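Chains as they are written, first to last, in my numbering: chain A, -10 to 214; chain B, -10 to 214.
Glycine included, each C-beta is placed from N, C-alpha and C at the ideal position.
Source: prediction; values computed, not measured.
Number of protein chains: 2
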Amino acid sequence: MRILVVEDEPKTLHAIQQGLEENLYEVDIAYDGLIARQLAMRNNYSLIITDIIMPGLNGFVLSRELRESGIQTPILMLTALGETEDKVNGFDSGADQYLVKPFQFVELLARVRSLTKRGSSTLMTHQTLKFEGLEMNLDTKVVTRDGQVIELTAREFTLLEYMMRNQGRVLSKVQLAENVWDIGFDTGTNFVEVYINYLRKKIDKNFDTKLIHTVFGMGYVLKKE
Amino acid sequence: MRILVVEDEPKTLHAIQQGLEENLYEVDIAYDGLIARQLAMRNNYSLIITDIIMPGLNGFVLSRELRESGIQTPILMLTALGETEDKVNGFDSGADQYLVKPFQFVELLARVRSLTKRGSSTLMTHQTLKFEGLEMNLDTKVVTRDGQVIELTAREFTLLEYMMRNQGRVLSKVQLAENVWDIGFDTGTNFVEVYINYLRKKIDKNFDTKLIHTVFGMGYVLKKE
DNA sequence: CTTCAACTACTAAAATTCTCATAGTTTTAA
DNA sequence: TTAAAACTATGAGAATTTTAGTAGTTGAAG
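So, in structure tokens, the structure goes:
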């Protein structure tokens, strides 16, 4: 099982290489997109892992060019939070999976395993949550409403994700604290309200129909009216 | 099974009451230490849960007075981070367990269960990690070196705890990142080094013998020399 | 219909966490 | 022995998370 890893940051590259080799994969490495393209054309890899931001040829272009050359090798793309613009543009570049840095190594391994299983790659659809024009991509961590990208912090993302998974259900502040913060009830402070406020500013403020609603004395719901 | 809950913050009090009642405990409540004392004297509770900071009579004094009156009811004391001074002073007030706020409700329940099991309460010793004058109380989250209290943030505490549990072992930065941050390797940044630096300032700087050592190219160790 | 108490919204600031740039140190290799 | 490369220390600041206080709403009771 031979894997190509493309990454311009030496430390990250070697960490990935070492980790994969410890798991008995054969690993080739490339520091930039141009070399990666050469290697990928010449060899028949089982998987290509590539960063987005690179000198020479970025991950999207690499991915697209390989696909255009008829190379079907699964591609796992590594992204960093904050490369949002690029990410949105590159969704259709031909990559099979995205993994947002920083990540656990075990998670990378899991993806490598599933992507190298024959036939399974095409079955993997990007995991997203949707509700009324609001869309969360759980792989890339990109959130959009009506196509417009919304930047969320880690905590805001987790909160919104929980509300999305329970859309239409009224969630008490204790419930939110338990599930989003892993906190029972401190309730010396009003952090849930503060974060609801943050979310509203980002998700509802510039739109006509509001999605986050207060149920007095009960909690908050994500719903249409 | 009857439990007395003492807490001056109404929201917290009612949240605890409700949670316990849902788990089929009978709950009495008191808003301050004086009423709590009266109730505890009159009734034979299976457990008393009390906050430290309260009007009238604080948790420590309450605890001590009850013990002096011959009342052996197990006491679970709730503390908030930052009440360090008090906590250190109150270790021997007679409380059986400490729980630092904020906490998960399931954790409170677990403690309630174990404290209400006959005979088990005396077996519960405070869980602490020790190494060369350095002491971490995992219940109260109080850290001391040679008796001197050291204030740590949550992240610093987790890092030190991990190093204490692996004292003498060289821990690589990847290993620390995995276990303390749940991060595989991002390594675009040097956050581990930064936090080692924070810890050193608090734990080693004002002491002659240093406990945190760098092993060049390998990582960090907690050891004597 | 008022008034009160409980609850929620919002603003500002404090604390913590994380990032980045620079300087210093150690090892390796010529 | 010296220079380069790799690694580590440290300070400063940006971003995020959390706390705290005040103002504004809502629902209920009289």
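Legend entry - DSSP beta-bridge partners of alanine 19 of chain B: B:Val(-5)
Inset, instruction - With DSSP as the reference, label methionine 207 of chain B as helix, strand or coil. - result: coil
Legend entry - Inter-residue Cα distance where the pair is leucine 46 of chain B and isoleucine 5 of chain B: 20 Å
Legend entry - Cα-Cα separation between arginine 26 of chain B and lysine 106 of chain B, rounded to whole angstroms: 23 Å
Inset, instruction - Name, in chain order, the residues that DSSP records as bridge partners for threonine 68 of chain A. - result: A:Val89
Inset, instruction - State the start and end residues of the unbroken beta strand (DSSP E) segment that holds phenylalanine 174 of chain A. - result: Run containing phenylalanine 174 of chain A: none; DSSP gives neither H nor E here.
Inset, instruction - Identify the contact partners of aspartate 171 of chain A in chain B, using a Cβ-Cβ distance below 8 Å as the criterion. - result: Gln93
Inset, instruction - Report yes if the CB atom of tyrosine 209 of chain A is closer than 8 Å to the CB atom of leucine 160 of chain A, and no otherwise. - result: yes
Inset, instruction - Could you confirm whether any beta carbon from chain B is found closer than 8 Å to the beta carbon of glycine 22 of chain A? - result: no
Inset, instruction - Tell me, to the nearest whole angstrom, how far the beta carbon of threonine 1 of chain B is from that of isoleucine 37 of chain B; I am working on the premise that it is less than 8 Å. - result: Actually they are not in contact, since the Cβ atoms of threonine 1 of chain B and isoleucine 37 of chain B sit about 16 Å apart, beyond 8 Å.
Inset, instruction - Measuring only between beta-carbons, confirm whether leucine 97 of chain A sits less than 8 Å from chain B. - result: yes
Inset, instruction - Within the same chain, show all residues whose beta-carbon is closer than 8 Å to that of isoleucine 201 of chain A, passing over the 5 residues directly before and after it, in chain order. - result: Met152, Ile185, Leu188, Arg189, Ile192, Asp193, Tyr209, Val210 and Leu211
Inset, instruction - Over the uninterrupted beta strand (DSSP E) stretch that includes methionine 236 of chain B, give me the two end residues. - result: The requested residue 236 of chain B does not occur in the structure, where chain B is confined to residues -10 to 214.
Legend entry - Min CB distance valine 163 of chain B to chain A below 8 Å: yes
Inset, instruction - Kindly provide the ranges of any beta strand (DSSP E) runs that are 3 or more residues long and lie completely inside the stretch -4 to 62 of chain A, ordered along the chain. - result: 15 to 19 and 36 to 40
Inset, instruction - Could you confirm whether any beta carbon from chain B is found closer than 8 Å to the beta carbon of alanine 25 of chain A? - result: no
Legend entry - Residues that leucine 160 of chain B bridges to, as DSSP identifies them: B:Tyr209
Inset, instruction - Measure how close the beta-carbons of arginine 100 of chain A and glutamine 116 of chain A come, nearest whole angstrom, since I'm counting them as under 8 Å. - result: Not quite, the Cβ-Cβ distance comes to about 12 Å (not below 8 Å), so this is no contact.
Legend entry - Distance, glutamate 140 of chain B Cα to phenylalanine 273 of chain B Cα: Look at the range of chain B in this structure, -10 to 214, and you will see that residue 273 of chain B is not part of it.
Legend entry - Top-ranked residue by Cα proximity to phenylalanine 120 of chain A, from A:Asn155, A:Asn32 and A:Ala69: A:Asn155
Inset, instruction - Using the DSSP secondary-structure output, state which residues sit across from threonine 147 of chain B in a beta bridge. - result: Looking at the DSSP assignment, threonine 147 of chain B forms no beta bridge with any residue, so it has no partner.
Inset, instruction - Give a yes or no on whether 8 Å exceeds the smallest Cβ distance from threonine 1 of chain B to chain A. - result: yes
Legend entry - Straight-line gap, threonine 68 of chain B to glutamate 167 of chain A (C-alpha atoms, nearest Å): 19 Å
Inset, instruction - Name the residue from A:Leu23, A:Val(-6), A:Glu(-2) and A:Phe180 whose alpha carbon lies nearest to the alpha carbon of glutamate 10 of chain A. - result: A:Val(-6)
Legend entry - Distance, arginine 31 of chain A Cα to tryptophan 170 of chain A Cα: 49 Å
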